[in-house]
Amino acid sequence: MSEAKHTGLLALAAAVVLACAWTPPARADDDSEDDKDTPHDRVVIDRVEVTPSVLPGLARVRVLVSSTRLRGGRISVPASKLDVKVSGAKPAVLGGYFATADVEMSLVILVPTTVEFEDELESIKEQLTTELLEPLKALGPRIRIQIVGYGDSLTGSKSVGSLDAARKALGMLESDGSTDPPDLVDLVGRAVKTASAGVRSPRNKGALGRGAVVLIASGVTITDENADVKAKLTTLGEAAAKAGVRIHTIGAIPGPEPRPRRPLLALGELSKRSQGTFRWVPTANGWSSPFRQLAEQIALQYVVTFFAPPDELAGKKLTVAVPTGSSRVEAEPAKLGEPKCGKEVCEGNAYCVNQECVPRRLDSGRSVIAWILLVGGVAAGALIVLLGVVALIMRARRPRPPAPFPAAAGGPAPALGGMPAPPGAVAAAPPMVAPVAVAGPVLIVLTGPAAGARLPLRHGFLAGKAPGSDLDLSHDGYASTNHAQIAFEGGAWVVYDRGSTNGTFSNGVRITQVRLDHGMTIRFGSTDVRYWQQ
């Protein structure tokens, strides 16, 4: 998936201080006073992961960051502008978004089917579909959704699933005429439990898991008789935050306008404690904006990646700040831990792939079985050499056929695997031996001395001028020593630019990291390659 396809999408900003979402009324019984247009921005570090990197001597740090404004909108700042520091030191970061990174989300949406929302249910369903579900289609299977209708009973989908299944479940929701909705704490608690499963165990082991709950409700008025409800909501919100689940509430009280706000304060408390967002729907036709804001925030949530020696990370404080005009908004610091692969610490110089420790090289000590295999291999090799010598002697005794006429230099390049040659490409010199077929995904070199070559990918594939690079760019005056790296993460191949001088481009767009899709063209310096799945 190229970064260019998702320029218009934005990531889930799980972070508005809900208590500040309203200007306090002048009198305790005045619920109709308009909000003041006071700016209030917030940045939250949603999750930090530190793992042993394929790059020798370095750990990889991935950070999910959310940013929101007072009324639920996103702080529109390019990912490259984020100010990331580790105990005051500024690492070289790769800034990206949910839409182009290895991040998965489990999203539970709670929709009221009570008589209170009977007149607005169809509007909710329509706007939820067009403004939230449809835009999220671009994320594909990396987002899993559950639709739950709540009234006399719970209806909708039984678990998180595909977007198509969620749309079908939403379309079947109907008002059940109930007047008493289920207990809010119990309802949301179940949803948090479902969403947290996706945080702990993403479908692709190499992906970062995220969880969120969207609650559409009219809230609850806290009185002396039910004062314990506020304490329960506070506890629930804090437990959700600890589990990595953000609760995003959308509050509305159907009825004559202007709508009161006091019962919605409970929703604000719930979102605040979970570091989620609150949005108020003041009119009967106001459902479009909250859903649209959520879709934007989910798709381009900030995903920051950087590499550093492990001893420069453990116990240090990570800070992230977002510039907003002449000022900046900084998140609460997060403490970095030692590199782990899942829940394990990799021994020696092993690195992490899909939550499993992988040794960087074989141990020099060999077991008895290894020695047997080694001796057997040497013997087999000697036999093969002997047979080869005999075959050469027999071939030398045969008459030689006339040599084939060589291909004209500079002619059109042949098609590769049924793929038409790129404009302006020329054929490479005829190889001395027939190329060996390569199984699995490859990079097809389109330009330069190695044009036509197929390079098999491996975890840690390096493109650059450095000796031993998998893609040798020593001929390319625009390439850097360690130009870019390719890793297998979350079930997909990902290209990381390693701070090259002239950049790495995907389908013509400069990137810091991008998932590889079949047929995608990548440029390192002035060398073009194409990703091909065989």
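In this text, residue positions in the sequence shown follow our numbering: the first is 1298, and each later residue adds one.
Idealized CB from N, CA, C, for every residue including glycine.
Here the structure is a predicted model, which means the values were calculated and not measured.
Same chain only: Cβ atoms within 7 Å of residue i, ignoring 5 sequence neighbours per side
i: P1636; result: V1347, T1348, P1349, A1356, P1607
i: T1426; result: R1464, L1467
i: P1321; result: Here the model assigns P1321 a pLDDT of 30, short of 50, so the residue's position is not dependable and the matter cannot be decided.
i: G1796; result: A1389
i: A1647; result: P1349, C1654, V1655, P1656, R1657
i: Y1775; result: N1799, G1822, S1823
i: A1750; result: V1742
i: L1759; result: S1766, D1767, N1779, Q1782
i: C1643; result: P1349, C1649, C1654
Range covered by the beta strand (DSSP E) that runs through residue i
i: A1784; result: 1781-1786
i: F1414; result: No beta strand (DSSP E) contains F1414, which DSSP labels as neither H nor E.
i: A1509; result: 1505-1514
i: K1382; result: 1380-1383
i: L1752; result: 1751-1753
i: S1803; result: 1801-1803
i: L1759; result: 1758-1761
Residue interval of the alpha helix (DSSP H) (run including residue i)
i: E1644; result: First-last for E1644: undefined, no H or E at that position.
i: T1532; result: 1525-1539
i: D1449; result: Careful: D1449 lies outside any alpha helix (DSSP H) and carries neither H nor E.
i: A1463; result: 1460-1468
i: E1566; result: 1562-1571
i: A1818; result: The residue asked about is misnamed: residue 1818 is Thr in this sequence, not Ala. Careful: T1818 lies outside any alpha helix (DSSP H), inside the beta strand (DSSP E) at 1818-1821.
Contacts around residue i, its chain only, beta-carbon distance under 8 Å, and the 5 residues preceding and following it disregarded
i: G1816; result: M1716, R1827, Y1828, W1829
i: I1669; result: Residue confidence for I1669 is low, a pLDDT of 49 falling below 50, so the modelled location carries little weight; the figure read from the coordinates is stated next. Nothing listed; no residue qualifies.
i: N1582; result: S1420
i: D1327; result: Because the pLDDT of D1327 is 33, which lies under 50, any placement of that residue in the model is unreliable, and the number read from its coordinates should be weighed accordingly. No residues qualify anywhere along the chain.
i: V1374; result: S1364, V1619, P1620, T1621
i: P1551; result: E1413, F1414, D1416, E1417, S1515, A1581
Own chain partners of residue i with C-beta closer than 6 Å, once the 5 adjacent residues on each side are dropped
i: G1534; result: L1567, R1570, S1571
i: F1785; result: H1756
i: S1364; result: A1310, V1340, I1372, V1619
i: T1602; result: R1359, L1391
i: G1516; result: G1548, P1560, L1561, A1563, L1564
i: V1675; result: For V1675, the pLDDT reaches just 49, beneath the cut-off of 50, and the residue's location in the model is therefore unreliable, leaving the point undetermined.
i: A1325; result: Low local confidence applies: a pLDDT of 29 at A1325 is under 50, so the model's placement there is unreliable, with the coordinate-based value given in what follows. Within the same chain, A1325 has no close Cβ partners at all.
i: K1628; result: One detail in the question is off: residue 1628 reads as Ala in this sequence, not Lys. V1340, V1341, I1342, V1617, listed in sequence order.
i: R1807; result: G1800
i: K1382; result: T1616
i: G1788; result: N1501
i: R1576; result: G1369, I1547, P1587
i: M1402; result: I1440, R1507
For residue i: DSSP bridge partner residues
i: V1360; result: V1345, V1601
i: A1789; result: E1786
i: M1402; result: I1440, R1507
i: I1547; result: I1513, R1576
i: W1829; result: V1739
i: Q1810; result: Y1793
i: Y1394; result: Y1599
i: D1480; result: Paired residues: none, contrary to the question.
i: A1277; result: Residue 1277 lies beyond the range of the chain shown here (1298 to 1831); nothing can be said about it.
i: L1429; result: L1429 pairs with nothing; no bridge assigned.
i: V1655; result: Y1648
i: A1386; result: V1383
i: L1768; result: A1760
Selection from the options that minimises the alpha carbon distance to residue i
i: Q1598; options: D1399, A1389, E1786; result: D1399
i: I1440; options: S1456, L1429, L1460; result: L1460
i: S1777; options: A1789, G1788, G1800; result: G1800
i: D1449; options: P1479, G1458, A1528; result: P1479
i: L1451; options: S1624, L1484, G1822; result: L1484
i: V1526; options: V1511, N1501, A1538, V1482; result: V1482
i: V1792; options: S1771, L1770, F1821, G1745; result: F1821
i: V1254; options: G1765, K1613, S1623, A1514; result: No answer is possible for residue 1254: the residues shown for the chain start at 1298 and end at 1831.
i: G1503; options: T1532, I1444, W1790, S1766; result: W1790
i: L1813; options: G1761, H1545, P1738, R1625; result: P1738
i: C1638; options: V1351, D1338, H1337; result: V1351
Fill in: Contact between the segment 1581-1593 and the segment 1361-1378 (3+ Cβ pairs under 8 Å)
Here the segment 1581-1593 lies against the segment 1361-1378, with 3 or more beta-carbon pairs under 8 Å apart.
Worksheet item: Are the segment 1402-1415 and the segment 1471-1478 in contact at 8 Å, needing three or more beta carbon pairs?
Response: The segment 1402-1415, when compared against the segment 1471-1478, does touch it at the 8 Å Cβ threshold.
Item to complete: Could you say if the segment 1427-1437 and the segment 1514-1531 meet the contact criterion of at least three C-beta pairs nearer than 8 Å?
Response: Counting Cβ pairs under 8 Å, fewer than three are found: no touch.
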